[in-house]
Each structure stands twice: as structure tokens, then as C-alpha cells.
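Read through the structure below, which is laid out as C-alpha cells, and then see the notes.
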Amino acid sequence: MKHIPQPYIVRLAATLVSAFLIVLALYYLKVVMVPLLFSVIFAVMIFPFCVRLEKWGVSKGLSAFLSVLLFTFMLGIIVYIIYIQVGVFADHIPDISAKLNTKINEFRNFIAQKFSLKRSEVGNRIQEELARLQNGSISVGSLTAISSFLINVFLVPLYIFFIIYYRHFFIEFFYKLFYASDRQVIDDTLTKMSLVIKGYLFGQLLDIVIIGSINSIALYFIGVSYPIILGFVISLLCIIPYLGMIVGSLIALLVAFMTTDTSWQPLTAFTALWVIHIIDSNILAPLIVGSRVSLNPLMAIFVLFLFGELWGLPGLFLALPLTAIVKVIFDIVPGLKAFGFLLGEPEKYHLKKHSYLYIKGLNRFVNRPKAAKIPIPDAPVVDDSAPKA
């Protein structure tokens, strides 16, 4: 049967409709997809350790079990440390909110005296929210989130174990699914996806640990309270291009203003954090993370907000790794290379003043050979004297 190619507009519409249906499915399957995707990413991260155990003579099942057990233990220690730091900060929230309440009252009184204005409803609303923070009330949504977290604590390690243990089974599944494609192309695609996850995530985690530690040390010597949790929260927020550092530095400025008695400490903390961020963005991050997958900052911000809207806090952690994997797939599939190009980082010539000249090939500074003129043959001579038929 002869294959009839579809028009471009039909293929584009089919791609957009498919993308919309995928996003819709991800929204409604949040409870199922989030732990599964975390498990896939964690499985790829601990897979090298599992392979090393197998080379030492340990059986496949025992290697997977020991790898998952060690990973769960280390992750539990990290979560426990974070829980302790958050608990210490939460215990002081009433004091911070009371001091913030006092500062807001002073500011409102100053504005009222200066401009002869009455207290607005917005100010009363702020007072109500601060009172709610002081009471420390827990909503039903918080209890639901806690129960879901506890379920995933047991579910994710189980997923990781079976993903590692059945890895060759899943590879054969991809062979059968894409039977028309070359197996070497499938192997190369899976290898690139694995390298993206390991390289990108390990680089990001290492960068977060280094910058979080430097931020914490700087805030500690400046005299800002809660330096550890603030330092690592700011380093996590810096994953969001541009906006993350702005929000993180403002949070640090607010906390420093609320917990210190001098004016130089908040300003010094704000300046130090920005200096650290500039050094990280221009020196440390390119060396640590590298250029395995460079995402467009605009697309990175977009997917962070998209996945945050779809899945909440877990979506913020999954957004960039999943987008990096999707970019690898787009770069391989011929019909989707344009979308992979859109997700990637622009080249240097795209950022120049007359970049459109480079794109169109009309740059006047480039000496292009002139096209040779094609001779036009003379029109044939019609003999009118010839007898007509």
C-alpha cells in the first residue's frame, strides 16, 4: 500500500493535540506518575553502584536490593537533617511573625501620619494571616500531603528495585515497541537519556551542595539566624533561572531584617549572596554541570511553572530532568528536531545585534560568490512562409 504523506499543518496539529492530551493525562495521573518518575530517575542514579556490585560477584537481585537499601538509608539521613532544621525554624515562626507584625504596624502608622491615610483592608488581611501563622494551625490538605508522602516512602524504593532488577526486560520491551527502528538507535537513545540523568542531576546536586554550604557559611559569619536552611533553600531556588535568585535573596533579606538588630547585616547578606551567585553562574556551574544538556532559560522557567502547576512541589524537582530527557528524544526524532532546538540554549550568533542577517545568510560582511548567470536561449524563429495545414 502506497504511503501518502500528510500535509505539514495536519502533522503539526496532531503533535499539538498529542502534547495537550499528554499534559492532561499527567495532571490526572499525578498520584501514579510522580512516584514512578522519581523511581526511574533514582534508579538511573544508583545503577552504576549496582553494576559495580555485580562485577564483584554479587548476584543481580542482591545487588539491586543492597543498592536500594543504601540509597534509602542515605536519603533518610538527608530528610532527617532537613526535618530537624525545618523544625527549628518552625518553632521560631511565631517570634518572627510577631516581629514582622510590629514592623508592619510601625510602617502603617508612618504612612498614615505622613499621607493622612486610613488603615486599609489589605493591612487587616495581613494581620489575620500573621495571626494564623502564630497559631500554627494545620489544615486538612497538610494531613493529606503527609499521608501521601508516607505512602511514597515505601512505594518508591520498591519501584527502584524492580526497575533495576528487570532492566533487561524493559530494554527488550523497547525493542519490541520500536521494532521498525534500528536497535543501535534505541541503544544510543537509552544511553543518552541515562547520561543526561546522571550527568545533569549529579552536577545539579553537587552544585546545590557546594553553593548551599558556601551560602550557609557566609550567612553564619554575617550573623543571620538559620544559616543552614536559608543557604540551602536559596541554592535550591537558584535552579529557576533569574527568578530563583531574586526570590531567594529577598527571603534572606527579610529573615535577616527580622532576626538582626543592625542594618548592615541584611545588606551584607544580600550582597554576599549575589556575589556567590554570580561566581557560581559564570565559573562553578559550567565546570560542574557542564554542557551535556543546555536548556533555554525561558523554556526552563516555563516548564518549572508548568510542572509546578501540574504536580506541585514534586513537579518543581522533576521539571528540568524530564525536560532534558524530552530534549534528547526530540533531537533524535526527525519530525521533532525543531522542538528540541527550541528547548536548547541559543547560539552566540542568535544574541548579536544583527543575528537575523546570519540566519537569512544576508550578512554583508561575508563575501559570498556571485551566482553565475544562466544563458537564456534565443526564441525559435517561426517561418511564416511555410504552408498552413
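Here the sequence shown is numbered in the working numbering, starting from 362 and rising by one per residue. Note that the Cβ used here is the ideal one computed from N, Cα and C, for glycine as well.
Three-state class that DSSP yields for residue i in the structure shown
i, result
"residue 705", "strand"
"residue 377", "helix"
"residue 656", "strand"
"residue 539", "coil"
"residue 498", "Unreliable placement is indicated for residue 498, whose pLDDT of 48 sits below 50; no coordinate value is reported for it."
"residue 628", "helix"
"residue 418", "coil"
"residue 395", "helix"
"residue 621", "coil"
"residue 673", "coil"
"residue 577", "helix"
"residue 584", "coil"
"residue 548", "helix"
"residue 521", "helix"
"residue 647", "helix"
"residue 682", "helix"
"residue 527", "coil"
"residue 367", "coil"
"residue 599", "coil"
"residue 431", "helix"
"residue 713", "coil"
"residue 390", "coil"
Residue-chain proximity (residue i, chain C), Cβ-Cβ < 8 angstroms
i, result
"residue 524", "No chain C appears in this structure, which consists of one protein chain only."
Cβ shell of residue i (< 7 angstroms), same chain only, five flanking positions each side left out
i, result
"residue 635", "610"
"residue 440", "none"
"residue 668", "676, 677, 679, 680"
"residue 512", "none"
"residue 608", "598"
Other residues of its chain near residue i: CB distance less than 6 angstroms, five sequence neighbours each side excluded
i, result
"residue 575", "637"
"residue 603", "none"
"residue 614", "627, 631"
"residue 407", "428, 432"
"residue 579", "633"
"residue 447", "none"
"residue 572", "596, 641"
"residue 430", "none"
"residue 554", "686, 689"
Buried or exposed by the 16-neighbour rule on C-beta atoms within 10 Å, applied to residue i
i, result
"residue 435", "exposed"
"residue 641", "buried"
"residue 409", "exposed"
"residue 688", "buried"
"residue 392", "exposed"
"residue 723", "Residue confidence for residue 723 is low, a pLDDT of 46 falling below 50, so the modelled location carries little weight; the figure read from the coordinates is stated next. Burial call: exposed."
"residue 577", "buried"
"residue 661", "buried"
"residue 596", "buried"
"residue 647", "exposed"
"residue 452", "exposed"
"residue 368", "exposed"
"residue 587", "buried"
"residue 387", "buried"
"residue 594", "buried"
8 angstroms contact criterion, which residue i and residue j should meet: CB distance rounded
i, j, result
"residue 681", "residue 600", "7 angstroms"
"residue 400", "residue 520", "3 angstroms"
"residue 583", "residue 620", "About 11 angstroms separates the two Cβ atoms, so there is no contact after all."
"residue 598", "residue 605", "4 angstroms"
"residue 463", "residue 693", "Wrong, their Cβ atoms sit about 59 angstroms apart, outside the cutoff."
"residue 704", "residue 691", "7 angstroms"
"residue 568", "residue 665", "Not quite, the Cβ-Cβ distance comes to about 17 angstroms (not below 8 angstroms), so this is no contact."
Distance CB(residue i)-CB(residue j) smaller than 8 angstroms
i, j, result
"residue 541", "residue 585", "no"
"residue 590", "residue 450", "yes"
"residue 425", "residue 522", "yes"
"residue 685", "residue 557", "yes"
"residue 672", "residue 395", "yes"
"residue 442", "residue 562", "no"
"residue 676", "residue 372", "no"
"residue 524", "residue 404", "yes"
Own chain, CB closer than 8 angstroms to residue i, minus 5 neighbours either side, in chain order
i, result
"residue 727", "Summary for residue 727: the model assigns pLDDT 45, below 50, so the residue's position carries little reliability, and this model does not support an answer."
"residue 707", "657"
"residue 536", "544, 547"
"residue 517", "396, 399, 400, 403"
"residue 415", "421, 424"
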